[in-house]
Structures are given as structure tokens and as C-alpha cells.
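S.K.: Numbers in my numbering are just positions in the sequence shown, counted from 1, shifted up by 2.
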Amino acid sequence: MTELGWRGPVLVTGTDTDVGKTMVTAAVAACARAAGLTVAMVKPGQTGTATGAPADEDTVARLAAPTTTRTLANYPDPLAPLAAARVASLEPLELYTAVDAVRDIAKEHDLVLVEGAGGLLVPMGLRPSGEAWTVADLAVSLGAPAVVVTRAGLGTLNHTALTLEALERRGVPAGVVVGAWPAEPELVHWANFTELVPHLLGALPDGAGTMDPGVFQRSAPGWLTPALHGVLDDWRTWADDQ
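1) Which of the three DSSP states, helix, strand or coil, is assigned to residue 213?
2) Rounded to whole angstroms, what is the Cα-Cα separation between residue 225 and residue 53?
3) Is it true that the segment 51-71 meets the segment 210-228, where meeting means three or more beta-carbon pairs spaced less than 8 angstroms apart?
4) To which residues of the same chain is residue 215 closer than 8 angstroms at the C-beta, ignoring the five residues directly before and after it?
5) For residue 117, name the three-state secondary structure that DSSP assigns.
6) Check the DSSP bridge columns for residue 96 and list the partner residues they point to.
7) Count Cβ pairs between the segment 187-200 and the segment 40-49 that sit closer than 8 angstroms; are there 3 or more?
8) Let me know if residue 77 comes out buried or exposed under the rule of 16 or more other beta-carbons within 10 Å of its beta-carbon.
9) Express the C-alpha separation of residue 36 and residue 235 in angstroms, rounding to a whole number.
10) Drop a sphere of 10 angstroms on the beta-carbon of residue 239, count the other beta-carbons inside from all chains shown, and report buried for 16 or more, exposed for fewer.
11) Nearest to residue 120 by CA position, among 217, 56 and 165, is which residue?
12) Under three-state DSSP, which class holds residue 223?
13) Which stretch, first to last residue, makes up the beta strand (DSSP E) that contains residue 72?
14) Is the Cβ-Cβ distance between residue 149 and residue 230 less than 8 angstroms?
15) Let's test the definition: count the other Cβ atoms within 10 Å of the Cβ of residue 56 and tell me whether it reaches 16, buried, or not, exposed.
16) Considering only the alpha carbon of each residue, which of 34, 171 and 46 lies closest to residue 112?
17) Note down the Cα distance separating residue 158 from residue 220, rounded to an integer number of angstroms.
18) Specify whether the segment 97-115 and the segment 12-22 touch according to this definition: at least 3 beta carbon pairs, one from each stretch, less than 8 angstroms apart.
19) In or out: residue 185 buried (at least 16 other Cβ within 10 Å) or exposed?
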């Protein structure tokens, strides 16, 4: 975690699904853009396209307006990407297809945010050998650090520790961002916050995705530390402001 902030490919993963990965991806993109970087967002596998919900690529484009957004594979059912490919009888995404695509995009951008699906070890597609690969495998193949998005509430300490341990065992540098800090935090949230601080790279307010894009972009630097191109440098001050 450098003072200049992470560059090149950076994986955005989570402790689970619906923890705020897309909002955090948008916030990092907004901060990096404000810092003068060219930014791309890549979604290796987008599922649930048949539900009519906005694609993650579209949400990040609306909130943060990165230079480039790209989705490598789309699947209709809201399942893990490999399962969604099989159910729809579609070709699973091959690991090195994803690696090559990210590397090509990285040649033309300062920062490439690669947003996973679900948690760190969700099956994303297949290797040439026929074995499943995960976001963790993608991080290792790219030599990229990972942003772990986590919840503020009960259960988050175990899920976060397991995810960080899995990344550490693979030699992947990682930090944590709370995806949705409640407007009225309770004891459990503050207790978890205290335990997470050594790993924290940021915390987004609950409901950040409903903000006007201009407000979102102006506010994002105050949610993230310099490692993610924000300006948040004192968690004690942050806590006093909540």
C-alpha cells in the first residue's frame, strides 16, 4: 500500500455477495480519476442479465465515469458465473482469456479495477485443463493486489479474516473497505470497526449508490485512504465524524 496509491490491475472482491463491491469499485474509480489517472473497470463475469437489473459496468459508468468499462462475459441467471454458464449452455470464461484482456487494457490505463462476482473463491470459469478458477486465481495470475469489500455488521470479522488469510497464503497483498457503513451505527458496528482498522483502506456510507453522480464523485475521496487514491488519513477523525 504505497503513498502514491495502487496502480495497474487491482482486484475488487468481497467476503460474500451483495457487500458493496460495485459501489467500492465506483468510489475507487472516482478517486483515481480525481487524482488525474486514466481508469478502466473490467467485469470478468456478469450474471443475472435476464433480471433487468443494471449491470455493474453500467452502475460504475454512471457514478464514476471511468475512461473505459468492459464486461468479458454475460450470463442470464443470477448464479455464480461458472454455474450460470453451464445452466445457460454458454461457454465458460477461460482464465487466460480474462488475464490477457485485463493486461491489454492495463497497457492503456493507469488503473484497471477488476470486479469479481460474489466472494473470493466463487467459481468464475474454466482453466484450459478444465478445472474451475476463481478471483483469487486471477489475482495471482495478474500479480495484482486485492480490495476486500466487507460488511459492517455481525459475522464480518470471521468472513474478513478467512478472505484475508486466503489471499495472504497466495501472496496477494490486500486491504479492506467496508461497503456500507450504517447511518446509525450500533455497538456491534463500532466493535467490528475497531478490529478492522489495521486492515482498513476505506468505508462507504450506506446508500452511496443513490447519490447524484456529481455528489458521489466529490465525496468519494473522503471515504478512502491514499492507497486507493483518497484523502482519508486518520480513522480517529473519521470515527468522530460519524
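Positions of the beta carbon are idealized from the N, C-alpha and C atoms, including for glycine.
M.R.: Checking against the coordinates, here is how it stands:
1) Here residue 213 refers to the residue found at position 211 when the sequence shown is read from its first residue. Coil, per DSSP.
2) Within the sequence shown, numbered from 1, the residue matching residue 225 stands at position 223. Within the sequence shown, numbered from 1, the residue matching residue 53 stands at position 51. If I take the Cα positions, the gap works out to 31 angstroms.
3) Contact holds: three or more Cβ-Cβ distances are below 8 angstroms.
4) The sequence position of residue 215 within the sequence shown is 213, counting from 1. Closer than 8 angstroms at Cβ, skipping near neighbours: 64, 65, 66 and 67.
5) Taking the first residue of the sequence shown as 1, we reach residue 117 at position 115. It is a strand residue.
6) To locate residue 96, count along the sequence shown from 1; it is residue 94. Under DSSP, residue 96 takes part in a beta bridge, and its partners are 128.
7) Output reads no: the segment 40-49 does not touch the segment 187-200.
8) The residue you call residue 77 lines up with position 75 of the sequence shown. With 16 or more other CB atoms across the displayed protein chains lying within 10 angstroms of its CB, residue 77 is buried.
9) Residue numbering aside, residue 235 sits at position 233 when the sequence shown is read from its first letter. Residue numbering aside, residue 36 sits at position 34 when the sequence shown is read from its first letter. Answer to the nearest angstrom: the Cα atoms are 17 angstroms apart.
10) Stepping through the sequence shown from its first residue, residue 239 is reached at position 237. Around the C-beta of residue 239, fewer than 16 other C-beta atoms lie within 10 Å, and the residue is accordingly described as exposed.
11) Walking along the sequence shown from the start, residue 120 turns up at place 118. Nearest C-alpha to residue 120: 165.
12) Within the sequence shown, numbered from 1, the residue matching residue 223 stands at position 221. Helix.
13) In the sequence shown, the residue the question calls residue 72 occupies position 70. Start and end: 70-76.
14) Locating residue 149 in the sequence shown gives position 147, counting from the first residue. Locating residue 230 in the sequence shown gives position 228, counting from the first residue. Residue 230 sits close to residue 149, with the two beta carbons spaced by under 8 angstroms.
15) Position 54 of the sequence shown, counted from the first residue, corresponds to residue 56. It counts as exposed.
16) Translated into positions along the sequence shown, residue 112 becomes position 110. Closest in alpha carbon position to residue 112, among 34, 171 and 46, is 34.
17) The sequence position of residue 158 within the sequence shown is 156, counting from 1. The sequence position of residue 220 within the sequence shown is 218, counting from 1. The alpha-carbon of residue 158 is positioned some 28 angstroms away from that of residue 220.
18) Judged by pairs of C-beta atoms under 8 angstroms, the segment 97-115 touches the segment 12-22, as three or more such pairs exist.
19) Here the question's residue 185 lines up with position 183 in the sequence shown. Counting C-beta atoms within 10 angstroms of its own C-beta, residue 185 has fewer than 16 neighbours from the protein chains shown and is therefore classed as exposed.
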